[in-house]
Amino acid sequence: NAGVMQNPRHLVRRRGQEARLRCSPMKGHSHVYWYRQLPEEGLKFMVYLQKENIIDESGMPKERFSAEFPKEGPSILRIQQVVRGDSAAYFCASSLQGAAEQYFGPGTRLTVT
Amino acid sequence: GQQLNQSPQSMFIQEGEDVSMNCTSSSIFNTWLWYKQDPGEGPVLLIALYKAGELTSNGRLTAQFGITRKDSFLNISASIPSDVGIYFCAGPNLSSGGGADGLTFGKGTHLIIQP
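Going down the list, the protein sequences come from chains Y and D.
Be aware that the first sequence starts at 1, since it is given in our numbering, and climbs by one per residue.
Be aware that the second sequence starts at 114, since it is given in our numbering, and climbs by one per residue.
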């Protein structure tokens with residue numbers, strides 16, 4: 001009974017490169033959420049997706065960040081032209097339809113050099 | 114926007130002691146969730162609360178949903194070394210309504226257990 005899977009666990013990018021973070025939800029879960037966590041901080045909501053739809057992207061920066069959850073395959077969080085301030089842990093969570101409980105993956109730690 | 118305030122920020126306790134932490138908000142939440150995060154890992158859901166006044170237990174953990182819907186507390190009885198970690202409260206954002214929403218998190222309570 002696999003939980004939420006994220007890869008890679010660690011990602012190093014130089015300034016200006018692109019970062020792609022992947023998330024596979026728990027089996028049977030159709031809702032995916034992305035969060036960002038800075039050191040010593042709580043998690044900040046970024047975006048909420050269902051298959052092929054963005055439901056709420058109120059927490060996403062307006063530029064350089066995008067997310068998708070295609071009909072087939074994992075959800076992708078894409079950060080273009082990364083800057084040092086993008087260095088953080090990015091967590092994906094999933095839930096059943098209509099459920100408040102979200103289950104988190106192990107995260108991807110992005111370091112921008 | 115919505116904010117959750119957790120206290121204390123950190124706790125230094127002896128093994129075997131009971132622990133109490135709380136979470137308050139200026140706005141109403143319809144659901145309260147408590148998570149624990151270990152270093153280098155994602156948050157793990159401990160307890161979910163759905164009704165004002167509800168008291169729910171999970172092993173040595175007990176959590177309550179405040180009557181005003183603006184607070185919740187988490188108690189841990191007879192702490193053990195593996196209880197070390199950061200405890201977060203969270204609640205669904207109200208922007209889109211319904212049960213499945215992005216979550217607002219508090220900044221966490223760091224629990225440190227001294228042998």
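Heads up, the beta-carbon is just placed ideally off N, CA and C, and yes, glycines get one too.
- When the Cα atoms are used, Tyr35 (chain Y) and Ala203 (chain D) turn out to be separated by approximately 13 angstroms.
- Taking CB atoms only, Leu21 (chain Y) has no neighbour in chain D less than 8 angstroms away.
- One Cα belongs to Thr111 (chain Y), the other to Met5 (chain Y), and the distance between them is close to 20 angstroms.
- Annotation: the continuous beta strand (DSSP E) that includes Ala176 (chain D) extends over 174 to 178.
- Counting every other CB atom within 10 Å of its CB across the protein chains shown gives Thr222 (chain D) a total of 16 or more, marking it as buried.
- For Pro121 (chain D), there are no neighbours in chain Y by C-beta distance under 7 angstroms, as the nearest C-beta there is about 15 angstroms away.
- Taking Leu216 (chain D) as the centre and dropping the five residues before and after it, the same chain places the C-beta of Leu146, Ala203, Gly204, Pro205, Asn206 closer than 8 angstroms to its C-beta, in chain order.
- DSSP places Gly221 (chain D) in the coil class of the three-state scheme, outside both helix and strand.
- In the structure shown, the three-state DSSP call for Arg84 (chain Y) is helix.
- Rounded to the nearest whole angstrom, the CA to CA distance from His31 (chain Y) to Ser94 (chain Y) is 5 angstroms.
- At least 8 angstroms separates the beta-carbon of Arg109 (chain Y) from that of Gln81 (chain Y).
- Relative to Leu43 (chain Y), the option among D:Ser192, D:Asp196, D:Tyr200 whose CA is nearest is D:Tyr200.
- Residue contact check for Asp214 (chain D) against chain Y: a CB pair falls below 8 angstroms.
- For Gly204 (chain D), the enclosing beta strand (DSSP E) stretches over residues 198 to 205.
- Residue range 132 to 138 is occupied by the beta strand (DSSP E) that includes Thr137 (chain D).
- Per DSSP, reduced to three states, the secondary structure at Ser94 (chain Y) is strand.
- DSSP places Ser24 (chain Y) within a strand segment (E or B) once states are collapsed to three.
- Going by C-alpha positions, Gln177 (chain D) is about 11 angstroms away from Thr144 (chain D).
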